[in-house]
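Below: the structure, in structure tokens.
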Amino acid sequence: MAQCAQSVQEFVQDSFVPTVAVLCSADAERVTRRNNLSFPELLRPFCRLTSEGHLRDPNNLVVVVKGLRISVTGVNTQPLQPGEVRKLLSQAVSGCQPPEGLPANVVTAGDYDLNISDRSVKASVPWYSDWKDTFTQLSSSKFYTATTPWFEAYRENFLQSMPASDHEFLNHYLACMLVVSSREAAPTEQFQRLSQEQHRVQHSGEYTHPKWFIPNTLKYYVLLHDISDGDEQRADSVYEDMKQRYGTQCCYLLKINSRAAAAGPAEQMPDPWSQYLQKSRAQSPVSPEASDALSESHPLELDQTSNLGYPGNPSVAVNSIDTSRKQGGLPASSTPVAHGACLTLNDHDRIRQFIQEFTFRGLLPHIEKNIRQLNDQLVSRKGLSRSLFSATKKWFGGGKVPEKSIAELKNTAGLLYPPEAPELQIRKMADLCFLVQHYELAYSCYHTAKKDFLSDQAMLYAAGALEMAAMSAFLQSGAPRPYPAHYMETAIQTYRDVCKNMVLAERCALFSAEVLKSQVKYSEAAALLIKMTSEDSDLRSALLLEQAAHCFINMRSPMVRKFAFHMILSGHRFSKAGQKRHALRCYCQAMQVYKGKGWTLAEDHINFTIGRQSFTLRQPENAIAAFRHILINDSKQVATQQSAFLREYLYVYKSVSQSSSDVTLPQLPLPCLHSAQTRVFFGHERRLAEGEKQAATHVWLDQEYDGEQAQLWAELEEQVVGVANKGSVPIGFQPTQYCLSCHTDNLRYPLAVVEEPIIVEVVFRNPLKVPLALAELSLLWKFTPKDFSRPPGGVPGEALSNEKEAAVTALNDIISTEVIPEFTIGPEETKVARLQLLPHKTGELQVLSVLYSLGTVEEDNGTSEGSRTPSRPTFVRGRQDLEIQGPRLNTTKEEKTSVRHGPDHRLDPVITPPMPLLEVFFINFPTGLLCGEIRKAWVEFVNVSAVPLTGLRVASTHPEFFTFGCAASDLTPVTPTASEHCSAYKTMATPPSVAATMLVSPAMFGVSGDDRPTVAEIPLVGGGLGPGEALQIPLWLRGPDREGVHEINFLFYYESVEKNANHRVLRHKAFICASRSLSVRATACHSNTLPRRGGAEEEGGSSMLVFVDVENINTSEAGVREFHIVQVSSSSRQWRLHTCINPTGDRDSRLASRERGKLCFRATRCRTQEGETHARKYTFADLNLGNEQIVSSTTPCADFFFRRANHTRRQSLTPAGGADDGVTGVVQKCSEVELNIIVLWKAYVVEDNKQLILEGQLHVALQTVGKEACSVPQKEEAQEMVLLKFKPDQPPPVSRPTLEQLSRLIKTCLHYPESYDHPFPQKSLCMVPVTLTLSNCSLAQVDVIIDLRHKTTSPESLEVHGTFTWLGQTQYKLQLRPHEVQRLVLKACFFQAGVYNLGTPRVFAKMAQAGTMCETSQQSSMPALIVINSV
Amino acid sequence: MAVCVAVIAKENYPLYIRSVPTQNELKFHYTVHTSLDVVEEKVSAVGKALPDQRELYLGLLYPTEDYKVYGYVTNSKVKFVIVVDSSNTSLRDNEIRSMFRKLHSSFTDVMCNPFYNPGDTIQSKSFDSIVSAMMVQSS
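Residue numbers (UniProt numbering), protein chains in the order written: chain A, 1 to 1431; chain B, 1 to 139.
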């Protein structure tokens, strides 16, 4: 019955059937027992009549009885005790489960499956509308009876177990079969005895059970004949005898057992009994294991979470399946043996025939007769009209009736009529009519009875009559009247509230709900069902709530949420009733509605319950999934709740992992792993400082990623690689990445070196409000060994993995895996863990996931100390995969339109053969320097690998900051300690005198061309470093010229000795704080005086004056006491400082704070012949002011000079490049000097009460005569806002040399005695020889015209100076070769004593080549005074 | 007076839900969630006739044993649900109506906040205080 869907009519009909008692003799019992059946059981499958029966009602109308079923039970069947009933029902329900094998979230609701999970996933966005469609479709398509098998099983069992009641007769025995075996010695006597027995049972009053319908019960005599071992002749004769005695209609000879029981099982016989017997067992597809689980008590002991509202603490209830049914002679221990083993199909037919015969010939006529009888009685008593009248009067009489009735109800609830009371006769008749499906008559009788009972205030009876009236109204074919739902309601209410009879109320509600459902009145049905839930029976409440939920979903517009809510309520009640499977199913179904809708609190609760129920039902996977869900989502629960969730999860998880033998570790939900933020670092963790030594900063995980920095390093590396590869960068060049993160390019497999650690930094986040403890944290990897020394194409080795716990130690000689024993994450904390792998073999490694044990942190409660022993918190082992999504691709159109991600090989390093590994330490490396200060430091290179390294180079962003010295200089102390108090410079004791000069080629200092020497090769002894070797070499540093903090990046490059091996780099970043020292300003002036004859004749002639202004601009007055200018050196290709012409005697010039000093020098041109041949060579000239000469042409002074010089020249020379030819160029060249002044100073610094002497050098590059140059780089003036111009600029005028510039082409000088004594009285004419020296400053031939005729024209000068005349040639035309000096001897003639200005000659100069150009230059004559004395 | 106030988004997930702290929060979540069925039913029944002149206030959605649940739907299909203790008989329909109106105007303010992302849960102090005022008033 469970699977067949009945219509409601059938259901109601089948619930009320004529019942027949059976009284069996012992012999007859033995006959049927051969089939493992009792007699009633034997008949049971055949109790439904297949043909129609007929009978006539009191009005002689024929009533057709269709599909009648009779119920046959043993007469001694005892009604069940309430406790037994409960047990029975719960067995029936628990035995009936949705089909196994389907996933838990597929809803099996009655006759249809709601594949909700599928649909809700598919239609997640316009979710609800889709759902609605689904449900409407489903609900409109099929049956009206939305029930579930377990509910039907429950209902059936419930109705069967209804105790016979006094107020109704429907399940009272109508007839009694007396069964006697034909083998009996005296069958007739036996019949007699049984008949007496029946009479005694019915009338003696000794038995309250069973109840009988009518006093004269129909007795039906059945002679049971066993064909296989009985004497058929005798049976027939006995039957004949019976017929005569009891009449043919009341006797039957039933022949069964046509074959021996031993007949082989080969013959397939239908077994119609199995589905009627042991219903509970036959119906349950529950595996024995599952039923074990059911009977087991809840092993999960947990702190009951307090605020869960619907506490799911299930009391262990009726779960055991021991069949203790004592019903109808059914043996308690029913064997699984086949029933009816001795029966052939013929026997089946005989039994069927027997039932038909019994019903049509015996039972129906009996009922017909009784109906007539009762009808006659009633009509004769004409009580009908009376009761009708009084009832009407009472019902509609007045307003006070209800109050009165309520008051009376209580008194009359227990009212009992005597069995023969006339009021009961009509009810009896109604029941009879109902049983034979004469519903019209039944209805009118019930209706009448109802009125009678109501008038008597017999509420129980009235309720019964109301109920049945409603039922018969419903069952009337053609529906002449609508179903009186209010009858039912009243009946239920009365049963429940007045009579306190929940069983009857329940029955009534079940019927009513069924009827309402059939009429598509789902909301009424739901309300009715919900009303019936009560505290006294959890099972009933659960089932009814579930049915109500199904009603909600079957409504025309399905109420999904109500469905879900009532499913939860139902699940809760199921779990209270101990029906864990059903509870779980309910919660799962409800979950589908709540899932992912933002109702997190509810969702968490459901998940939690599902988890618990699943666990107790030994569905650990589901339990874990459910708990996992609670923990993963950002839960809004309070901390205590979360910790409870967590503990429960861990407990469940642990018990699962212990039981399962699964090799792969499961995924853990907590803490959250931010895979994308994973960083990988290749290399050792650096020691940052070791005593005096300061290690190169290199790269480390603590450094934040900085895009600009990365770019900078990449550029540096590219430069150095270019230099190392002789100027060309390889095509596939990629900057080395030591630390891979989400910012770096992870497209290719990173290279890791064998025996060098790989550190993986993973980011964990704890989403909970409780701390989490992780233990034994390590990495899970897969490794494919590969030998790179062999030619490619070799077979790669077998992949290894440390997944298995046992293998971890064994694999440590391939890859050592670091294990962090303990790792705690605070509430809502984000924390990183660094895990290290150390590969020992080459190959391909893949870091797969993180392995750890998850546990809770034990809070130290003061209270727990005494009672509980501090147990170790539960830890479960699991993993979380590191799945890194690469960057989104966005190059092709296809990639742009779809979302695609590139690969990310951050975690898949290739382990390469050993490579050299360099460590760099700096010794005495300063952090603060004065601008221009020279400091000597040491750098130590250590090759810590087992492979030699070579090709060590360094690239830097600030090449002018440091130098390793030139290869030639090796006079420095060998160790850093020895050099501590020495000067960084190379010195010589020389008294101050004329400058010593030295010619130096810049190539010696590694400076070639105009390039900025960003890459420097580091001189290594023997060209490389062997394994384990260390080398210390000096390093000079010079404070940057600008004050402030400077960030200086060093990139050390080195490579393996082997060819084709990759290079490696080491980074260092230093910060230098430069503070102000001196400011040097220098100006160069043309000197008009020519070098004296003899002294510096060969110097080429021209000279310059150089003024050097030095100012102490140091601001830290406390530290630096004073500066001494020790030496001034020059370096140039054309000029050199010659002598110091400082007027003061203070040679060792000191400068205290804010003081300023001035130095004057004469500079001369270098020898041209040398200058020509060694155009690239620089002349260094040192002018020491003290007694110590610093050799500036050696390391480090010259190094810094060249680094510096290059730096500045590049900046300054670029704009002037174009004006090389023509006059302008020549003229400009003439005023150009390319003189670099190096000011060497010492500073006396007090530091910690110790005086230190610091040294330094400042560079000034003089470029133009008369233009001031400064050592401190001028701050570029902030660019002013330029007006926007709409017209193109006027082209700049053709640059013509200005007069002033031209005037510098030729230098003139008059040589004459300052005073001349002349005896005018003796000789009136005084002739004085004057030499005019002309020198060509330019590099071109110059034509010069000297005109002496010129007179000063200004009147003042006339007054002051007397007149004189030049004698001899008055005009000269000369041609001067480049740098040529010519002297003209002139004669001046004076007439009287006085002061004269000799500066009257006018000199015109003209470029020799530029023929067209007229003379352009006028030598502005200075006053050249001569005193003529008269003696 | 109110024991629970909830704002439900058009897509039927909670934007804001708050209940009297002494009570069982979960229960209110369930109640409010279940009431959405009734809201939907009422809206679909009324909505067909005249969508413009639809009354926003839906009245009593359904009474439970201990509580009365009232509903209100804005034109943008945002639902407000107020749960009131059944024992509190002093509350008139008009007062409930005015509570809803207050709630609605405060909700509008929240929506007008340019920093509020429509569809996010409401985290606004002023809204909170309005709701608290409703819950405190006579509870």
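Heads up, the beta-carbon is just placed ideally off N, CA and C, and yes, glycines get one too. Remember, predicted model here, so these are calculated numbers, not experimental data.
At a Cβ threshold of 8 Å, is residue 598 (chain A) touching chain B? What you label residue 598 (chain A) is simply residue 598 of the first sequence in a count that begins at 1. Output row for residue 598 (chain A): interface = yes.
Spatial distance of residue 295 (chain A) from residue 87 (chain A) (CA atoms): Residue mapping note: residue 295 (chain A) aligns to position 295 of the first sequence, counting from 1. Residue mapping note: residue 87 (chain A) aligns to position 87 of the first sequence, counting from 1. Its pLDDT being 33, under 50, residue 295 (chain A) is placed unreliably in this model, and the value from its coordinates should be taken loosely. Rounded to whole angstroms, residue 295 (chain A) to residue 87 (chain A) spans 13 Å at the Cα level.
Between which two residues does the beta strand (DSSP E) carrying residue 836 (chain A) extend? The residue labelled residue 836 (chain A) in the question sits at position 836 within the first sequence. Note, residue 836 (chain A): beta strand (DSSP E), 830–839.
Between the alpha carbons of residue 380 (chain A) and residue 203 (chain A), how many angstroms are there, rounded? By 1-based counting over the first sequence, the position of residue 380 (chain A) is 380. By 1-based counting over the first sequence, the position of residue 203 (chain A) is 203. Computed Cα separation, rounded: 27 Å.
Excluding the 5 residues preceding and the 5 following residue 1190 (chain A) in the sequence, name in chain order all residues of the same chain whose CB lies nearer than 6 Å to its CB. Taking the first residue of the first sequence as 1, we reach residue 1190 (chain A) at position 1190. Contacts found: 985, 987, 1127, 1240.
With DSSP run on the structure shown, which of helix, strand or coil describes residue 134 (chain B)? Taking the second sequence and counting its residues from 1, one reaches residue 134 (chain B) at position 134. If DSSP states are grouped into helix, strand and coil, residue 134 (chain B) belongs with the helices.
Comparing C-alpha positions only, which one of A:1106, A:1262, A:1255 sits nearest to residue 1124 (chain A)? In the first sequence, residue 1124 (chain A) corresponds to position 1124, counting from 1. For the residues A:1106, A:1262, A:1255, the minimum Cα distance to residue 1124 (chain A) belongs to A:1255.
If you measure between the beta carbons of residue 649 (chain A) and residue 673 (chain A), is that distance less than 8 Å? As a working note, residue 649 (chain A) is residue 649 in the first sequence. As a working note, residue 673 (chain A) is residue 673 in the first sequence. Result no, Cβ atoms of residue 649 (chain A) and residue 673 (chain A) do not sit closer than 8 Å.
Report the partner residues of residue 1406 (chain A) according to the DSSP bridge assignment. Looking up residue 1406 (chain A) in the first sequence gives position 1406. Beta-bridge pairing links residue 1406 (chain A) to A:1343.
Residue 561 (chain A) versus chain B: which residues are under 7 Å apart at the beta carbon? Here residue 561 (chain A) refers to the residue found at position 561 when the first sequence is read from its first residue. Those within 7 Å of residue 561 (chain A) in chain B are 33, 34, 36, 37.
Just mark residue 901 (chain A) as buried or exposed, buried being the case when its beta carbon has 16 or more other beta carbons within 10 Å. Counted from its first residue, the first sequence places residue 901 (chain A) at position 901. Counting Cβ neighbours within 10 Å, residue 901 (chain A) comes out exposed, since fewer than 16 surround it.
Where does residue 304 (chain A) sit, in a helix, a strand or coil, going by DSSP? Position 304 of the first sequence, counted from the start, is the residue given in the question as residue 304 (chain A). For residue 304 (chain A), the pLDDT reaches just 35, beneath the cut-off of 50, and the residue's location in the model is therefore unreliable, leaving the point undetermined.
Pull out every residue of the region 565–588 of chain A whose Cβ sits closer than 8 Å to any Cβ of chain B, in chain order. 565, 568
How is the alpha helix (DSSP H) around residue 429 (chain A) delimited, first residue to last? Walking along the first sequence from the start, residue 429 (chain A) turns up at place 429. Its alpha helix (DSSP H) spans residues 422–435.
Nearest to residue 17 (chain A) by CA position, among A:72, A:1261, A:1084, is which residue? Numbered from its first residue, the first sequence carries residue 17 (chain A) at position 17. Selected option, being the one with the closest Cα: A:72.
Would you call the CB atoms of residue 1389 (chain A) and residue 1364 (chain A) closer than 8 Å? Here residue 1389 (chain A) is taken as the residue at index 1389 of the first sequence, counted from 1. Here residue 1364 (chain A) is taken as the residue at index 1364 of the first sequence, counted from 1. Closer than 8 Å, so yes.
Quick one: what's got a C-beta closer than 8 Å to residue 34 (chain A)'s C-beta in the same chain, skipping five residues either side? Position 34 of the first sequence, counted from the first residue, corresponds to residue 34 (chain A). Answer for residue 34 (chain A): 226, 257, 261, 341, 342, listed in chain order.
Starting from residue 1470 (chain A), follow the alpha helix (DSSP H) in both directions and report where the run begins and ends. No statement about residue 1470 (chain A) is possible, as the shown extent of chain A runs from 1 to 1431 and does not include it.
In the structure shown, what three-state DSSP assignment does residue 349 (chain A) receive? Your numbering for residue 349 (chain A) matches position 349 in the first sequence. Here residue 349 (chain A) sits in helix by DSSP.
For residue 1365 (chain A), which residues does DSSP report across the bridge? For this step, residue 1365 (chain A) is matched to residue 1365 along the first sequence. For residue 1365 (chain A), which the question treats as bridged, DSSP gives the partners A:1389.
DSSP on residue 782 (chain A), reduced to helix/strand/coil? Taking the first residue of the first sequence as 1, we reach residue 782 (chain A) at position 782. Here residue 782 (chain A) sits in strand by DSSP.
Hey, is residue 752 (chain A)'s beta-carbon within less than 8 Å of any beta-carbon in chain B? Counted from its first residue, the first sequence places residue 752 (chain A) at position 752. So, not an interface residue.
List, in order along the chain, the chain A residues whose C-beta lies closer than 8 Å to that of residue 14 (chain B)? In the second sequence, residue 14 (chain B) corresponds to position 14, counting from 1. By Cβ distance, chain A contributes 598, 599.
According to DSSP, is residue 725 (chain A) helix, strand or coil? Here residue 725 (chain A) corresponds to residue number 725 of the first sequence, with the count starting at 1. In this structure, residue 725 (chain A) counts as coil in the three-state DSSP scheme.
Residue(s) in a DSSP beta bridge with residue 1429 (chain A): In the first sequence, the residue the question calls residue 1429 (chain A) occupies position 1429. Per DSSP, A:1317.
Return helix, strand or coil for residue 1503 (chain A), following the three-state DSSP convention. Within the shown structure, residues of chain A are numbered from 1 to 1431, placing residue 1503 (chain A) beyond reach of any answer.
Limits of the beta strand (DSSP E) - the one that residue 438 (chain A) falls within: In the first sequence, residue 438 (chain A) corresponds to position 438, counting from 1. Run containing residue 438 (chain A): none; DSSP gives neither H nor E here.
Figure out for me which residue from A:915, A:752, A:1202, A:677 has the closest Cα to the Cα of residue 961 (chain A). As a working mapping, residue 961 (chain A) is identified with position 961 in the first sequence. For the residues A:915, A:752, A:1202, A:677, the minimum Cα distance to residue 961 (chain A) belongs to A:1202.
Would residue 25 (chain B) count as contacting chain A if we go by Cβ distances under 8 Å? Numbered from 1 along the second sequence, position 25 holds the residue referred to as residue 25 (chain B). At least one chain A Cβ lies under 8 Å of residue 25 (chain B).
List the endpoints of the continuous beta strand (DSSP E) containing residue 1189 (chain A). Reading the first sequence from its first residue, position 1189 is the one you call residue 1189 (chain A). Start and end: 1188–1190.
I'd like to check one pair, residue 48 (chain A) with residue 67 (chain A): are the Cβ atoms closer than 8 Å? Here residue 67 (chain A) corresponds to residue number 67 of the first sequence, with the count starting at 1. Here residue 48 (chain A) corresponds to residue number 48 of the first sequence, with the count starting at 1. Contact: yes.
Could you spell out where the alpha helix (DSSP H) holding residue 472 (chain A) opens and where it closes? In the first sequence, the residue the question calls residue 472 (chain A) occupies position 472. It spans 459–475 - the alpha helix (DSSP H) in which residue 472 (chain A) sits, taken as one unbroken run.
Less than 8 Å between the beta carbons of residue 1120 (chain A) and residue 1078 (chain A), yes or no? Working through the first sequence from its first residue, we reach residue 1120 (chain A) at position 1120. Working through the first sequence from its first residue, we reach residue 1078 (chain A) at position 1078. In this structure, residue 1078 (chain A) does not lie closer than 8 Å to residue 1120 (chain A) by Cβ.
Ignoring anything shorter than 3 residues or poking outside the region 892–920 of chain A, list the beta strand (DSSP E) runs there in chain order. 910–912
The beta strand (DSSP E) spanning residue 79 (chain B) covers which residue range? Here residue 79 (chain B) corresponds to residue number 79 of the second sequence, with the count starting at 1. Residue 79 (chain B) -> beta strand (DSSP E) spans 79–85.
Pairwise C-alpha distance: residue 671 (chain A) and residue 616 (chain A): The residue you call residue 616 (chain A) lines up with position 616 of the first sequence. The residue you call residue 671 (chain A) lines up with position 671 of the first sequence. Going by the C-alpha atoms only, they are around 26 Å apart.
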